[in-house]
Structures are given as C-alpha cells and as structure tokens.
Amino acid sequence: MLFYYNGMEKQFSNGKVLRLVTGDITKIPADAIVNAANSALAGGGGVDGAIHRAGGPSIMQELDEIRRTAGGCPTGSAVATGAGRLPARYVFHAVGPVYRDGKHGEPELLASCYRTALRMAEQRGLESISFPSISTGAYGYPVAEAARIALREVCAHLEKPGGSLRLVTFVLFSKADYEQYAEALEAVTGEDAIE
Ligand code: AR6
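Following this line, the structure appears as structure tokens:
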C-alpha cells in the first residue's frame, strides 16, 4: 500500500517500510547511511563530499586503512566505516558504475550496490538504512532507470520475512529526482501486483 505525506511511503504487509524523501542525507538519522563512493575510496564531490564534510576526518582515516589493506573497493560492492559526527552508526561506501550506454553491466552493478548495502545492514542487525541515488550524479546514470533498479532491489528485500531492517529511506537531493523515484515506485509496485 502506498501512503503520501511529506514524502512517500510504501508499507509492506510484514510492517516494513520504504520511504522516499527529499533532503540532505547527512541530516537524517539512520543506523546506516550509504555513500556513493568511488573504487579508490578517495573521497570526492556530490554526496561523498557532503558525507566527509559532515562526518569529519575519522571516516577518511578508516578508509585509508581499508585502502592500505584491501586496495579499494570494486564497483558494485561496498565497505563499512563508522559515521563520525553523522547521525548514524555506520557509513556504507558503495561504488556504483559509471554509466556508458547501459550495455556494460551497469544495471547489474548498480543492483549489486544496493544488495550489498542491504546485506551489510542485516549482518549488523540494523533497523534503518538511508540511500542516496547512487550513480545518478557524476557517474551519469539516467535517474528513471536507476530508480527502478534501486527500488526493485529494496522492495524485493523488504518483502522477505525476517531480517532486522524495518525502514529503508531514499533521500533524494532534488525535487526532480524525488519525482522520478516516486514514479518508479508506482511502476515497481504495479509490477508486484501483476505477479
Ligand atoms: N544528500 C543526498 N543526496 C545528495 C547529496 C546529499 N547531501 N549531495 C548530492 N546528492 P554523486 P555518483 C545526490 O555525484 O553519481 C563523487 O565524487 C546527487 O544530487 O554524489 O554515484 C564520488 O567520489 C545525485 O542525485 O554520486 C565518486 O567519484 C546523487 O546524490 C562519484 O562522485 C549521486 O550523485 C560518484 O558518482
């Protein structure tokens, strides 16, 4: 069932909730905040820059250590750090694909980012996680396509019984992105209804 308020919410029959809001992901409390990082884990602009600025230097210090031991993070995967001063326990730094033409594995790599972050949250017994729109800024992924992929993964996860996650929030940075996600949520929910 879809509910509309200062944002949009889908409630699953098992009580879990998917929420779409506009805003700054660094300001919204969640057990885990997902970052749209790069495979060098080197920091950057966009949401990555905002997370490091708001969270403080401890996040980059932890990433330095991960870089030293693991060398970085492959596209489609994610690594976890603490959240510094952010209103969260963890930051999951997910590496989305750079969009070329959609025929270079981009959909699967993007889906894999969301799946990996959801799995990392469940492994830690977390109840809430917030995502930005991974890959749709500097990495150029068309928002409408990315939204469908992201929402399919999250809906498939939340539909399952069990698990610790009760709330997944997409924090969209612009009204235009929010509208694309809202439209995609209607479409993905429609796909569910047909099955
Ligand atoms: N809260 C929520 N969303 C935000 C925020 C914020 N504070 N700031 C930006 N966005 P991008 P990518 C949105 O470019 O495409 C970085 O340099 C933004 O409007 O941050 O995955 C990394 O280091 C867009 O909708 O991430 C990588 O090198 C979305 O977040 C590269 O960019 C994602 O845009 C990753 O590119």
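Residue numbers for the sequence shown follow my numbering, beginning at 1464 and rising by one.
Heads up, the beta-carbon is just placed ideally off N, CA and C, and yes, glycines get one too.
What you are looking at is a predicted structure, and each value in this text was computed from that prediction instead of being measured.
Since I believe Y1641 is in contact with T1485 (beta carbons under 8 Å), could you give me their beta-carbon distance rounded to a whole number of angstroms? Here residue 1485 corresponds to residue number 22 of the sequence shown, with the count starting at 1. Here residue 1641 corresponds to residue number 178 of the sequence shown, with the count starting at 1. That pair is a contact at about 5 Å.
Alpha-carbon spacing of R1578 relative to M1523, whole angstroms: Taking the first residue of the sequence shown as 1, we reach residue 1578 at position 115. Taking the first residue of the sequence shown as 1, we reach residue 1523 at position 60. Those two C-alpha atoms are separated by around 24 Å.
6 Å CB neighbourhood of A1513 in its chain, flanking five on each side removed: To locate residue 1513, count along the sequence shown from 1; it is residue 50. Result list for A1513: T1489, in chain order.
heavy atom of the ligand AR6 below 7 Å from N1477 C-beta: As a position in the sequence shown, residue 1477 is number 14, starting the count at 1. For the ligand AR6, not one heavy atom lies less than 7 Å from the Cβ of N1477.
In the DSSP output, what is V1542 paired with across the bridge? Here residue 1542 refers to the residue found at position 79 when the sequence shown is read from its first residue. The partner list for V1542 (beta bridge, DSSP) reads H1556.
Can you find the residues in the same chain that come closer than 7 Å, C-beta to C-beta, to G1626, ignoring five residues on each side of it along the sequence? On the sequence shown, position 163 is the one that residue 1626 refers to. Once the five neighbours on either side are set aside, the close Cβ partners of G1626 are E1585.
Classification of K1473 by the beta-carbon crowding that lies within 10 angstroms, buried from 16 upward: Numbered from its first residue, the sequence shown carries residue 1473 at position 10. K1473 should be labelled buried.
Do you know how far the Cα of I1496 is from the Cα of T1544? Walking along the sequence shown from the start, residue 1544 turns up at place 81. Walking along the sequence shown from the start, residue 1496 turns up at place 33. Approximately 10 Å, taken between the alpha carbons.
Can you look up G1535 in the DSSP assignment and give me helix, strand or coil? The count along the sequence shown starts at 1 and reaches residue 1535 at position 72. It is coil, neither helix nor strand.
Residue from Y1553, T1532 and N1477 with nearest C-alpha to S1521: Within the sequence shown, numbered from 1, the residue matching residue 1521 stands at position 58. When only C-alpha atoms are compared, the closest one is Y1553.
Check whether the Cβ of V1634 lies closer than 7 Å to any heavy atom of the ligand AR6, and answer yes or no. On the sequence shown, position 171 is the one that residue 1634 refers to. For the ligand AR6, at least one heavy atom lies less than 7 Å from the Cβ of V1634.
In this structure, does DSSP put E1658 in helix, strand or coil? Looking up residue 1658 in the sequence shown gives position 195. Confidence is the limiting factor: at E1658 the pLDDT is only 46, short of 50, which leaves the residue's position unreliable and the question unanswerable from this model.
Would the C-beta of I1522 count as close to the ligand AR6, meaning under 7 Å from any of its heavy atoms? As a first step, residue 1522 is located in the sequence shown; it is residue number 59 there, counting from the start. It does not: the Cβ of I1522 is nowhere closer than 7 Å to a heavy atom of the ligand AR6.
Indicate whether the contact test is met: 3 or more Cβ pairs, each with one atom in the segment 1563-1572 and one in the segment 1528-1535, closer than 8 Å. no
According to DSSP, simplified to helix, strand and coil, what is V1634? Numbered from its first residue, the sequence shown carries residue 1634 at position 171. In the structure shown, V1634 sits in a strand (DSSP, three-state: E or B).
I1597 versus A1500: straight-line alpha-carbon distance, rounded: Looking up residue 1597 in the sequence shown gives position 134. Looking up residue 1500 in the sequence shown gives position 37. Near 9 Å, if we compare the C-alpha coordinates of A1500 and I1597.
Tell me whether V1617 counts as near the ligand AR6, meaning its Cβ is closer than 7 Å to at least one heavy atom of that ligand. Taking the sequence shown and counting its residues from 1, the one referred to as residue 1617 is at position 154. V1617 Cβ: outside cutoff for every heavy atom of the ligand AR6.
Using the three-state DSSP reduction, which class does V1480 fall into: helix, strand or coil? As a first step, residue 1480 must be located in the sequence shown, where it is residue number 17. If DSSP states are grouped into helix, strand and coil, V1480 belongs with the strands.
Distance check for A1610 and S1476, CA to CA, integer angstroms please. Along the sequence shown, read from residue 1 onward, the residue named residue 1476 stands at position 13. Along the sequence shown, read from residue 1 onward, the residue named residue 1610 stands at position 147. Near 22 Å, if we compare the C-alpha coordinates of A1610 and S1476.
Pick helix, strand or coil for A1503, following the three-state DSSP scheme. Within the sequence shown, the letter at position 40 stands for residue 1503. Reduced to three states, the DSSP call for A1503 is coil.
Starting from E1616, trace the alpha helix (DSSP H) both ways and give me its first and last residue. Taking the first residue of the sequence shown as position 1, residue 1616 is located at position 153. Where E1616 is concerned, the enclosing alpha helix (DSSP H) stretches over V1606 to E1622.
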